[in-house]
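Notes follow the structure.
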Amino acid sequence: MPILSIILFTPLLGFLGVLLIPGSKKRVIKIWANLAAFAGFLVSLRLTEWFDKSHPGFQFVERASWIPSLGVQYLLGIDGISFLLIMLTTLIGFIAVLCSWSAIDERVKEYYAMLFLLQCGMLGVFMALDFFLFYLFWEVVLVPMYFLIGIWGGPRKLYAALKFFLYTMAGSVLMLLGIFTLYFQYFHQFGRYTFEISELMRLTLPLGIERWVFWAFFIGFAIKVPMFPFHTWLPDAHTEAPTAGSVILAAVLLKMGTYGFIRFSLPLLPQASIDHTIVTILAVLSLIGILYGALVSLMQQDWKKLVAYSSVSHLGFCTLGIFSLNHAGLAGSVIQQVNHGISTGMLFLIVGVIYERRHTREISEYGGLAHIMPQFAFVFAFAMLSSAGLPLLNGFVGEFTILQGAFAASKVWGAFAVLGIIFGAAYLLWLYQRTMLGEVTNEKNRGLRDLTPREWAVFLPLMAWAVWIGVYPKPYFDILDKPVTQIVERVHGKTQPVEASLTEVAR
Amino acid sequence: MHQLWLIPAFPLLGFLINGIFGKKFSKRAVSLFAVGSVLLSFLWVVKTLMAISPLETLYTEHYFTWIASGAALNIGFDLSVDRLTSVMLLVVTGIGSLIHIYATGYMAHEPGPNHGGYYRFFSYLNLFMFFMLILVLAANYLLLFVGWEGVGLCSYLLIGFYFVKKSATNAGIKAFVVNRIGDFGFSLAIFLIFIQFGSLDFQKVFAQAGGLADEVQAGVITATCLLLMVGAAGKSAQVPLYVWLPDAMEGPTPVSALIHAATMVTAGVYMVARSAPLFNHAPIAMEVVAVIGLLTAVMAATIGMTQNDIKKVYAYSTVSQLGYMFLACGVGAYSAGIYHVMTHAFFKALLFLGAGSVIHALQGEQDLRNMGGLRSKIPVTFLTLLCASLAIAGFPYTSGFMSKDEILVAAHHHSPAMFWIGVITASMTAFYVWRALFLCFFGRYRGSAHPHESPLVITLPLGVLALLSILGGFFRVPVWLEPVLGKAPEGHDPALVIISVAAGLIGIFLAWLFYVAKPGLPDTFARALKGLYTLVYNKYFVDEAYDAVIIRPVVDGSRTVLWKGFDVGVVDGIVNGVGSVSRGVGGILRTLQGGSIRNYAALTLLGAVLVLAAVAFTGGAQ
């Protein structure tokens, strides 16, 4: 059974369904969208049964020739890294649809259509093993996100949408140049064209070219992550996007960047990836991101912007883990990518809950909400602690593992990264104090409704997941063990390109 | 298997039950689950300790692998017990039970059940017990860190329990953030340990500690121990990270007694004593520990002498007494430090609970200047506080005398100067504690409330603790700990004992002179030494200095330089600049921007083709 294609195209089914329902029947559209999104999550659950964590290569591989003359294939497959990100995507995709029930009431049809398109694009990014296919999905993601921000966003939505679009577009173009360089180099060496990743790994390139391609990829991925100093699109995009948009943006979209580093930069350009200058620059940028994001976050007056800047800090940990170039760093990074999806996803959902009730994100408009909305206060506290890395919740496991890896790579990096943890507690606690604690300072906040059952349904899966990863993360480490080991060995030159890794597993 | 996990599991269960269903329970039911779970935990501790005795080596139970990555990193969820743990376990669950019982009386007037104060309080308190027991039972540094962070969280939650008060929530954040600074050091130490020893298990680390080369010991071990001490200084409120503890008194009084006197704040001492095999190879680090401890003891004692809030007096006293414990560890008398942890838990918990009973009797009054003459009005509270004050002043054969004596003798063995500073501090200790006692219970009543004695649920724990404060020193902890922490320095010099007892008595006498015999004296002194008095009364302006030197620059720097300056100014300036240039060009090409998706798609495709062609040209040329 082509399970990956099924997962990939279930959202498209949702998309088509939405298109068929007349725009005036909002309720029907919403019900259909929720059902389809839930179905999307359910089909992906089959992967948890079938995924074989002891298998060393890509699994569930599907291959079909697409444009033979250019060497373009429809080639899907996953390993442990993409498996985890896919599960994150399908769950967050469903939650994003669910949380939009009452938030979106204009142009409902187009809205859900965009969400489904986005979902398909993101899943494709994590499944594609053909660079052309990857790039296609990468670009597909851009369009619906642009419209989600530009149409259903806040007051400065147009500025934010355009900024998002231009930034990421600029990155994509450079990445494309890098891809083509590899493509033509491959032709040069082997006399045929292919975009297949594992084929391209057989290339032997002079360090100069590897470096050049690395930086081209870097621009594309670093803007997406976003790494300092390419991060300024993120606060605007996050802040202006509708809740579902922010949640997807933070939880999944940013991971496309980190995933790109892990899947392409490291294995395809192993020499450049361990180049001392490059690694140092990336580690330093990550560290700046960690501290800078946290400090700027501390000063925000806008609830959503604060959470957005905290993403810069958290993603800094993820990239630092990657460029520690060791097992702990990489495994921790992937786990932290999932964690960030869970925790920051929750934080954005929390802003969404309150924004829906009060239509303002100004922190000073709030205060003492814990009296009025005690359940909300509890969920917020939970999300805050998970994000701040309290032990026995998810964030701690990822942070600790990354830090261990960073420390093994360089004690100085480790020390600076640990410093970020201090600030991580500060900005969230202060936000919590200003919004939730104290007296009720604003009469408009009296009588606000506490969490509804639907909102609980949005939070509960994420909370359960946070506890699971926090208390018993072993299954995740097991899943990541094989792919991470391979990448580490690859960059340190212990294995030759793994052609054999691409074994077909028919289902 | 002795099912050690049950010890923390009981309070965790209590937390879950009260946390989830407490809102619908009556107060009686909430109390039952809260107190019952801690009592069960205490009983399980006693049963287990008797079953595993004599406990001369570390007994470990492995449950599951927690964090494992690659071949190198493998950290288990393991609990262990030895004699050191046993003392901590008994103190934590024993005193914990008493304070839980007391709290059911003390918190009875919290609005509830619908306002949620009562059940919220007890669920936090149970959660604290869970994390504290994890901290004590942990068999490796990371699990210890789990408990360490967890108790920090509960401390934050409970300090800010009256979350309507801005000062309370501020104090909570201060505690959390200052503790995080300590955690910064502790985390670095953990990573260093892992890199050096390839493991975080106590047994494996300590087994290797002895066999290291000299230069490793001098470098890595010293650095590790110093970083551990940074962590300990945060949690146990030592110079320069002590500033959060006095503010932490914003929490309800049972919290001050349990968390900020008897148990959590001693976690740093426990951690240092636990790491004794490392510290023993780092003489420089030990010297630093001793000096920090002594400095903290003196500094906090001087501040304690000038405070007017009864809880603040006891808070600074806690800081000061913790300093003694670190002094003990620093001079190698770890067992004396743990001894003092135990006796201090008795008398300091009693001081706080007694203060709580006074505050309760006076409907919330905490200012010593508005008390006085309460001796006859609340006699039980007075008698129990008298016992605690005798103990902390080191009156012969009380618990405080026994343990402090042990510490001072060890300090003398190490350096006579440290002994003398310790003795002077002991004198100041006696002075401020008895000053509080005299101001509170002697003279005439200066307030306007109608004092009444507290109910039995409050006075009963006071009685038990009073008994322990007087007689608790006869649990000979140093002897019990010999197999784990080694023998304390020998050589009891009766002269030293006499000197330290005399110091305590002088302190008490001076307090009597100042506050009972000649009540005008303190003002005369304060006026005569105005500068010094203002300095000490304002706690040496340390908070203000931190604010000016650290907090302001960070806040202003982040706002003006990083955010408004770099982000909005530089990066966005460039981005928007590029934007306006393109807009100028775009004016010419406006026809292209029709806003239809089809056109954009076509343009994107066109661009891609152009790029493709360009690369094909250059790439093909190579």
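Residue numbers (our numbering), protein chains in the order written: chain L, -1 to 505; chain R, 552 to 1173.
For glycine and all other residues, C-beta sits at the position ideal for the given N, C-alpha and C.
Margin query: Short of 9 Å Cβ to Cβ, which residues in the region 1020 to 1046 of chain R face chain L?
Written below: So the list is empty, because no residue satisfies the distance condition.
Next item on the list: Please confirm whether V840(R) and L792(R) have their CB atoms less than 8 Å apart.
Entry: Cβ distance not < 8 Å, so V840(R) and L792(R) don't count as in contact.
Note to self: If you measure between the beta carbons of V882(R) and H1003(R), is that distance less than 8 Å?
What the structure shows: It is not a contact, given that the beta carbons lie outside the stated cut-off.
Checklist line | Top-ranked residue by Cα proximity to R488(L), from A248(L), I260(L) and L205(L) | finding: If we check each option's Cα against that of R488(L), I260(L) comes out closest.
Checklist line | DSSP-derived helix/strand/coil call for Y610(R) | finding: The answer is strand: DSSP assigns Y610(R) an E or B state.
Item checked: Any 3 or more C-beta pairs closer than 8 Å across the region 60 to 67 of chain L and the region 83 to 94 of chain L -> By the Cβ rule, the region 60 to 67 of chain L does not count as touching the region 83 to 94 of chain L, because fewer than three pairs are nearer than 8 Å.
Note to self: Only counting the same chain, and skipping five residues up and downstream in sequence, which positions put a Cβ closer than 7 Å to that of V864(R)?
What the structure shows: Once the five neighbours on either side are set aside, the close Cβ partners of V864(R) are G855, Q858, Y983 and A987.
Item checked: Pick from G945(R), G998(R), I861(R) and F1065(R) that is closest to A1053(R), judged by C-alpha positions -> Checking every option, the nearest Cα to that of A1053(R) belongs to G945(R).
Notebook entry, point to check: Of the choices I177(L), P204(L) and S362(L), whose alpha-carbon is the least far from that of L198(L)?
Noted result: With distances taken between Cα atoms, L198(L) lies closest to I177(L).
Note to self: Which residues in chain R have a C-beta closer than 7 Å to the C-beta of P506(L)? List them in chain order.
What the structure shows: Residue numbering for chain L in the displayed model covers -1 to 505; residue 506(L) lies beyond these limits and cannot be assessed.
Item checked: Same chain, Cβ closer than 6 Å to K24(L), neighbours up to 5 away in sequence not counted -> Correct list, in chain order: V106.
Next item on the list: Mind reading off the beta-carbon distance from S385(L) to S271(L)? Whole number of angstroms is fine, and I expect it under 8 Å.
Entry: That belief does not hold up - the Cβ atoms of S385(L) and S271(L) are roughly 29 Å apart, past 8 Å.
Item checked: For S631(R), the residue or residues it bridges with in DSSP -> Bridge partners of S631(R): T611(R).
Check: When DSSP builds the beta bridges, which residues end up paired with E957(R)?
Finding: As computed with DSSP, E957(R) is found in no beta bridge at all.
Next item on the list: Kindly indicate which residue of H312(L), R432(L), N324(L) and L347(L) has the alpha-carbon position closest to the one of I419(L).
Entry: Comparing Cα positions, the closest option is H312(L).
Checklist line | Endpoints, alpha helix (DSSP H) assigned at G782(R) | finding: Where G782(R) is concerned, the enclosing alpha helix (DSSP H) stretches over T773 to K786.
Notebook entry, point to check: Among residues of its own chain, excluding the 5 on either side of G733(R), which ones have a beta-carbon nearer than 7 Å to its beta-carbon?
Noted result: The beta carbon of G733(R) sits closer than 7 Å to those of V781, G782, A784, G785, K786 and L792, all from its chain and outside the five residues before and after it, given in chain order.
Item checked: CB contact flag (I618(R), A406(L), <8 Å) -> Not closer than 8 Å, so no.
Note to self: Please identify, using Cβ separations under 7 Å, the residues of the region 268 to 290 of chain L that lie next to chain R, in order along the chain.
What the structure shows: Within the region 268 to 290 of chain L, the residues whose Cβ lies closer than 7 Å to any Cβ of chain R are, in chain order, Y290.
Margin query: Give me the residue from I195(L), L113(L), S322(L) and T358(L) with the minimum Cα distance to D273(L).
Written below: Of I195(L), L113(L), S322(L) and T358(L), the smallest CA-CA separation from D273(L) is found for S322(L).
Item checked: Residues that V395(L) contacts on chain R, provided the C-beta gap is smaller than 9 Å -> Residues of chain R with a Cβ closer than 9 Å to the Cβ of V395(L) are, in chain order, W617 and I618.
Notebook entry, point to check: Helix or strand or just coil, what does DSSP make of F56(L)?
Noted result: DSSP places F56(L) outside both helix and strand once states are collapsed to three, so it counts as coil.
Item checked: Chain-ordered residues of the region 246 to 259 of chain L with a beta carbon less than 7 Å from chain B -> The structure shown contains no chain B; its protein chains are L and R.
Next item on the list: Within 10 angstroms of the Cβ of G1116(R), are there 16 or more other Cβ atoms? Answer buried if so, exposed if not.
Entry: The residue is exposed, with fewer than 16 neighbouring Cβ atoms inside 10 Å.
Notebook entry, point to check: In three-state terms, what does DSSP make of A504(L)?
Noted result: Only weak support exists for where A504(L) lies, its pLDDT of 41 falling under 50; the value from the coordinates is given anyway. A504(L) falls in the coil class under three-state DSSP.
Item checked: Nearest residue (CA-CA) to F92(L), options I5(L), G151(L) and E104(L) -> Of the listed residues, the one whose Cα sits closest to F92(L) is I5(L).
Check: So is G206(L) in contact with chain R if we call contact Cβ pairs under 8 Å?
Finding: Using beta-carbon distances, G206(L) does not count as an interface residue toward chain R, since no partner is under 8 Å.
Note to self: Quick check on the DSSP output: what are the complete beta strand (DSSP E) runs of length 3 or more inside the region 137 to 207 of chain L, in order along the chain?
What the structure shows: Counting only runs of 3 or more, we get nothing.
Margin query: Once the 5 residues before and after R1014(R) are set aside, which same chain residues still bring their CB inside 7 Å of it?
Written below: The residue asked about is misnamed: residue 1014(R) is Gly in this sequence, not Arg. The beta carbon of G1014(R) lies closer than 7 Å to those of T935 in the same chain, with the five residues before and after it left out.
Next item on the list: Note down, in chain order, all residues in the region 346 to 380 of chain L with a beta-carbon under 7 Å from any beta-carbon belonging to chain R.
Entry: Residues of the region 346 to 380 of chain L whose Cβ lies closer than 7 Å to any Cβ of chain R, in chain order: A368 and P372.
Check: Got a sec: is the Cβ-Cβ distance from E700(R) to anything in chain L below 8 Å?
Finding: For E700(R), the nearest CB of chain L lies under 8 Å from its own CB, placing it at the interface with that chain.
Checklist line | Helix, strand or coil at D273(L) according to DSSP, with G and I counted as helix | finding: Note: D273(L) maps to coil in three-state DSSP.
Notebook entry, point to check: So is A214(L) in contact with chain R if we call contact Cβ pairs under 8 Å?
Noted result: With respect to chain R, the C-beta atom of A214(L) has no partner C-beta closer than 8 Å.
Notebook entry, point to check: At a Cβ threshold of 8 Å, is G621(R) touching chain L?
Noted result: G621(R) counts as touching chain L.
Notebook entry, point to check: Which residues in the same chain have their Cβ closer than 6 Å to the Cβ of S908(R), if we skip the five residues on either side of it in sequence?
Noted result: Only T932, S1005 and I1009 meet the Cβ criterion.
Notebook entry, point to check: Are the beta-carbon atoms belonging to V310(L) and G291(L) less than 8 Å from one another?
Noted result: A contact, by the Cβ cut-off of 8 Å.
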